[in-house]
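First comes the structure, then the notes that go with it.
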Amino acid sequence: MKPIQMVDLLGQYRKIQPEVEAALARVIESTAFINGPEVKALEQEMAAYLGVKHVIGCANGTDALQIAMMALDLKPGDEVITASFTFVATVEVVALLGITPVFADVLPGTFNIDPADIRRKITPKTKAIVPVHLFGQTADMDAIMAIAKEHNLYVIEDNCQAIGADYTFSDGRKQKCGTIGNIGTTSFFPSKNLGCYGDGGALFTNDDALAKRLRRVCNHGSEVRYYHEVVGVNSRLDAMQAAILRIKLKHLDEYATARNSAASHYDRAFAGMAHITVPERDPSSTHVFHQYTLKVTGGHRDALKKHLEANGVPAMIYYPVPCHLQNAYKNARCPEGSLPITEQLTHEVLSLPMSTELDEEQLKHITATVKSYFNR
Ligand SMILES: *Cc1c(COP(=O)(O)O)cnc(C)c1O
274 MKPIQMVDLL GQYRKIQPEV EAALARVIES TAFINGPEVK ALEQEMAAYL
324 GVKHVIGCAN GTDALQIAMM ALDLKPGDEV ITASFTFVAT VEVVALLGIT
374 PVFADVLPGT FNIDPADIRR KITPKTKAIV PVHLFGQTAD MDAIMAIAKE
424 HNLYVIEDNC QAIGADYTFS DGRKQKCGTI GNIGTTSFFP SKNLGCYGDG
474 GALFTNDDAL AKRLRRVCNH GSEVRYYHEV VGVNSRLDAM QAAILRIKLK
524 HLDEYATARN SAASHYDRAF AGMAHITVPE RDPSSTHVFH QYTLKVTGGH
574 RDALKKHLEA NGVPAMIYYP VPCHLQNAYK NARCPEGSLP ITEQLTHEVL
624 SLPMSTELDE EQLKHITATV KSYFNR
């Protein structure tokens, strides 16, 4: 059996290696390393894939969130509602900009932000909602867009984990996740579903004026070189990464199919097991399985993780400490105990290996090892 990894990037590379090598040589020979035709082509191809008017490349997914908030002119004193059960990036950029992060709890089945709790957290200072489409599944955008409309709030979708997922509204309309709010953001970090071979990120919007502002913020607040209209940042996607992403974008749906097939294998193996809950599927969204995350109850999570690792099966806890309990972001408004579902999940979640390259033999070994823990 091939050794099992959380993500098998080398196996995936082998299948596209000649194409990638040719693309890299092409970029080097062109000497257009920053922006230029590769980045433009990727932006256009992604826009077509997502069905969105504008895609704007930037340096990473964290920058994308920061640029979104700067372009929307969010200011110190403004409040942004987001999930605490997520990667820290959102909270970090909110804090860097002097904005106040306000945490909402998540739903216990999908792990996504709970619209009812968003409602409870709205104050006169609230300016934006940042739903994170966690682990590959769209948050409840029907409800979130309705709340935003009612209270005149911006919506920035953190789509670093769910690129390619389809969302179906209650009226039957379908849209790609990340193109629904005012701005969507993504990361091309290597282990993401659409990952490059370094850092990268992008922003999506259907709003022409906002697209202009986003590009300006990315480029030192400048539209005409050496004339600076607003405070900006230097955040660019480089051409080598764009060339790699153009190749991988063509395979993205096929990658999602491979991830779903691994997920189905896991589902079947774990059906009916005590102490194991497989990830809930929201019928409004397709799932692209950035992570396949179990809930392990009965206090077995940490011991099961050790058992897996002792038997050659890596497993990860996403996330062990929620943002509101991190030393950097603790605050009196959101003390321990105030987000009960989030806090409970940090004790129960366990993500199994998930990648486009898992084979039958590896999947069987993983599921057999989970079962052997409970049958000791
Ligand atoms: C990965 C990730 C980010 C940050 O992306 P980087 O490219 O690493 O900066 C932000 N939010 C979520 C939910 C992520 O998973």
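Using the working numbering, the first residue of the sequence shown is number 274, and each one after it goes up by one.
A virtual CB, placed ideally from N, CA and C, is assigned to each residue, including glycine.
Rounded to the nearest angstrom, what separates residue i and residue j at their Cα positions?
| i | j | result |
| --- | --- | --- |
| Ile-395 | Glu-352 | 9 Å |
| Ser-508 | His-424 | 31 Å |
| Gln-630 | Ala-305 | Per the sequence presented here, residue 630 reads as Glu, with Gln not at that position. Each residue's Cα considered, the two are about 33 Å apart. |
| Leu-518 | Phe-358 | 28 Å |
| Ile-429 | Ile-639 | 36 Å |
| Pro-291 | Val-561 | 26 Å |
| Leu-369 | Ala-601 | 12 Å |
| Leu-282 | Leu-467 | 11 Å |
| Ile-277 | Asp-480 | 43 Å |
| Asp-555 | Val-403 | 19 Å |
| Val-366 | Ile-456 | 15 Å |
| Lys-288 | Ala-295 | 14 Å |
| Ser-460 | Asn-333 | 6 Å |
| Val-405 | His-548 | 27 Å |
| Ala-529 | Tyr-500 | 43 Å |
| Lys-578 | Phe-477 | 37 Å |
| Ala-356 | Ile-386 | 6 Å |
| Met-513 | Pro-463 | 14 Å |
| Ile-372 | Lys-603 | 15 Å |
| Tyr-581 | Phe-543 | For the sequence presented, residue 581 should be read as Leu rather than Tyr. Taking the straight line from one Cα to the other gives about 15 Å. |
| Asn-584 | Met-418 | 45 Å |
| Gly-610 | Gln-617 | 10 Å |
| Gln-285 | Lys-348 | 42 Å |
| Asn-648 | Asp-431 | 40 Å |
| Gly-505 | Arg-488 | 10 Å |
| Ile-307 | Asp-540 | 44 Å |
| Val-490 | Val-569 | 43 Å |
| Leu-612 | Ser-537 | 31 Å |
| Ser-443 | Ile-391 | 20 Å |
Would DSSP call residue i helix, strand or coil?
| i | result |
| --- | --- |
| Lys-603 | coil |
| Leu-380 | coil |
| Asp-281 | coil |
| Phe-430 | Here residue 430 is Glu; the residue named in the question, Phe, does not match the sequence. Looking at Glu-430 - three-state DSSP - the assignment turns out to be strand. |
| Val-353 | strand |
| Val-561 | coil |
| Tyr-440 | strand |
| Gly-330 | strand |
| Thr-478 | strand |
| Val-364 | helix |
| Asn-425 | coil |
| Ala-544 | coil |
| Leu-323 | helix |
| Pro-374 | strand |
| Ala-435 | coil |
| Lys-246 | Here the chain comprises residues numbered 274 to 649, so residue 246 is not present and cannot be evaluated. |
| Ile-307 | strand |
| Ser-628 | coil |
| Met-589 | strand |
| Ile-386 | strand |
| Gly-457 | strand |
| Val-293 | helix |
| Thr-452 | coil |
| Leu-345 | coil |
| Leu-315 | helix |
| Thr-335 | helix |
| Thr-359 | coil |
| Leu-618 | helix |
| Val-300 | helix |
| Val-643 | helix |
| Lys-447 | strand |
| Leu-567 | strand |
| Thr-530 | helix |
Ligand 2 and residue i: does any heavy atom of the ligand fall closer than 6 Å to the residue's C-beta?
| i | result |
| --- | --- |
| Asp-511 | Among the ligands present in this structure, namely ligand 1, ligand 2 is not found. |
Report, in whole angstroms, the separation of the C-beta atoms of residue i and residue j, which I expect to be a contact under 8 Å.
| i | j | result |
| --- | --- | --- |
| Cys-607 | Val-361 | Rounded, the Cβ-Cβ distance is 14 Å, inconsistent with contact. |
| Ala-337 | Gly-494 | Wrong, their Cβ atoms sit about 16 Å apart, outside the cutoff. |
| Val-300 | Ala-516 | 5 Å |
| Cys-450 | Ser-558 | 7 Å |
| Phe-384 | Thr-566 | 7 Å |
| Leu-636 | Ala-535 | 6 Å |
| Thr-399 | Leu-426 | 6 Å |
| Pro-388 | Ala-416 | 4 Å |
| Leu-345 | Ala-401 | 7 Å |
| Ile-520 | Val-293 | 6 Å |
- [ ] Evaluate the contact criterion for the stretch 574 to 591 versus the stretch 340 to 348: three or more CB pairs, one atom per stretch, below 8 Å.
- [x] no
Open item on the list: Can you confirm whether the stretch 368 to 379 touches the stretch 525 to 545 when touching is taken to mean that 3 or more C-beta pairs between the two stretches lie within less than 8 Å?
Closed with: no
Open item on the list: Does the contact criterion of 3 or more C-beta pairs under 8 Å hold for the stretch 308 to 319 versus the stretch 328 to 335?
Closed with: yes
Open item on the list: For the structure I just gave you, are there three or more beta carbon pairs, one from the stretch 621 to 628 and one from the stretch 582 to 591, closer than 8 Å?
Closed with: yes
Task: Segment contact, 8 Å Cβ cut-off, at least three pairs: the stretch 433 to 446 with the stretch 407 to 419 - done: yes
Task: Those runs of the alpha helix (DSSP H) which lie wholly inside the stretch 475 to 527 and span at least 4 residues - done: 481 to 491, 512 to 523
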